[in-house]
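J.: Chains as they are written, first to last, in the numbering used here: chain R, 1 to 123; chain H, 1 to 123. A virtual CB, placed ideally from N, CA and C, is assigned to each residue, including glycine. As the structure is a prediction and not an experimental result, all values here were calculated from the model.
Number of protein chains: 2
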Amino acid sequence: MKRPKEIKPAFTEARCAQHLSATEDAIYVIGGKWTLRIVIAVMSGHHRFNDLQRTINGISARVLSSELKDLELNGLVERVVLVDQKPVVTEYLPTDYTRTLREVISALAIWGEKHKKKITNRE
Amino acid sequence: MKRPKEIKPAFTEARCAQHLSATEDAIYVIGGKWTLRIVIAVMSGHHRFNDLQRTINGISARVLSSELKDLELNGLVERVVLVDQKPVVTEYLPTDYTRTLREVISALAIWGEKHKKKITNRE
DNA sequence: AATAGTAGTAAACAATAGGTTAGCGGTAAC
DNA sequence: GTTACCGCTAACCTATTGTTTACTACTATT
Numbered sequence: 001m002k003r004p005k006e007i008k009p010a011f012t013e014a015r016c017a018q019h020l021s022a023t024e025d026a027i028y029v030i031g032g033k034w035t036l037r038i039v040i041a042v043m044s045g046h047h048r049f050n051d052l053q054r055t056i057n058g059i060s061a062r063v064l065s066s067e068l069k070d071l072e073l074n075g076l077v078e079r080v081v082l083v084d085q086k087p088v089v090t091e092y093l094p095t096d097y098t099r100t101l102r103e104v105i106s107a108l109a110i111w112g113e114k115h116k117k118k119i120t121n122r123e
Numbered sequence: 001m002k003r004p005k006e007i008k009p010a011f012t013e014a015r016c017a018q019h020l021s022a023t024e025d026a027i028y029v030i031g032g033k034w035t036l037r038i039v040i041a042v043m044s045g046h047h048r049f050n051d052l053q054r055t056i057n058g059i060s061a062r063v064l065s066s067e068l069k070d071l072e073l074n075g076l077v078e079r080v081v082l083v084d085q086k087p088v089v090t091e092y093l094p095t096d097y098t099r100t101l102r103e104v105i106s107a108l109a110i111w112g113e114k115h116k117k118k119i120t121n122r123e
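Dropping the structure here:
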């Protein structure tokens with residue numbers, strides 16, 4: 001017997017538990033303040049340290065450095081040092097795994113735009 | 001003249017800036033450790049304080065309380081006190097705006113599952 | 001009368017994230 | 001020679017976040 005005249009949930013009980021666990025894992029990896037922004041910048045062609053720092057507004061070298069190390073550990077960027085270049089150049093490149101985040105980023109970006117409109121309209 | 005033989009970016013430069021700004025806004029609102037998990041639980045039919053605390057593994061009353069206040073301010077839950085009930089009952093209900101997060105949650109949940117499989121397989 | 005649940009709040013504290021400043025070794029341009 | 005860019009790193013500090021414990025006021029059950 002199911003609750004007779006109540007709001008029907010947007011997610012079933014099973015989906016709830018599943019979603020709770022899965023989003024917990026996802027947020028653990030990509031939920032940081034900077035993580036996805038770095039990923040977006042790398043996917044957009046910004047591969048160098050200082051280029052990334054310039055592109056991502058407000059990030060400090062210290063934080064960028066430690067975030068890049070985490071991302072590398074998780075396989076979300078690949079760090080490549082080009083030794084044969086005149087000044088040795090370090091590049092952070094997207095991987096196949098990075099590209100699996102495209103739908104997540106798109107969904108977030110779409111929602112973020114809607115939310116911005118909502119906020120700016122009401123004030 | 002565009003870079004001749006390089007990896008072509010997954011996002012264009014314009015999309016990059018757009019995505020950076022929009023996801024920044026989105027993460028500001030829903031990027032917290034608990035935010036989306038509470039939203040999922042509320043959308044799944046868990047409407048009461050203690051029910052939420054039981055459902056969301058590891059959250060303390062203090063944090064749940066303050067997160068619910070934030071969510072209410074952002075219009076992502078509605079706090080309803082049922083005064084006519086024998087013991088006064090407080091409910092946290094999803095709103096229309098909450099439901100705009102469905103795609104975001106789905107995308108995150110799908111990615112989180114994939115990521116979990118990836119991690120458990122390699123160890 | 002005692003216990004337990006409901007919906008929290010207060011206080012005190014610990015942990016983590018993030019920011020600021022400074023600097024290093026190298027190259028290259030002025 | 002001095003300045004500046006590159007890719008960082010160390011030390012230090014602050015702010016946010018989260019934890020624990022205890023407690024409130026009320027109701028219902030045993």
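If the criterion is Cβ atoms closer than 7 Å, does the pair R/V81 and H/A107 meet it?
T.: Contact flag unset, no.
J.: Tell me the DSSP secondary structure of H/R3 in three-state form.
T.: The predicted model places H/R3 with a pLDDT of 39, which falls under 50 and marks its position as unreliable, so this point remains unresolved.
J.: On the DSSP bridge assignment, give the partners of R/L73 in chain order.
T.: Answer is none; R/L73 lacks a bridge partner.
J.: Got a sec? Which residues, its chain only, sit under 8 Å from R/T95 by beta carbon, not counting five neighbours each side?
T.: Counting only Cβ-Cβ distances below 8 Å, and skipping sequence neighbours, we find G75, L76, V77 and E78.
J.: Shortest alpha-carbon distance to R/V39 belongs to which of R/T120, R/G58 and R/L68?
T.: R/L68
J.: What's the C-alpha gap between R/T12 and H/T12?
T.: 38 Å
J.: Closest Cβ-Cβ distance between R/G112 and chain H: below 7 Å?
T.: Taking Cβ atoms only, chain H reaches closer than 7 Å to R/G112, which makes this a yes.
J.: Bridge partners of H/V89, per DSSP?
T.: H/L82
J.: Is H/T23 near R/L36, with beta carbons less than 7 Å apart?
T.: In contact: H/T23 and R/L36 (Cβ atoms closer than 7 Å).
J.: Report yes if the CB atom of R/A41 is closer than 7 Å to the CB atom of R/I27, and no otherwise.
T.: Here R/A41 is not near R/I27, since their CB atoms are 7 Å or more apart.
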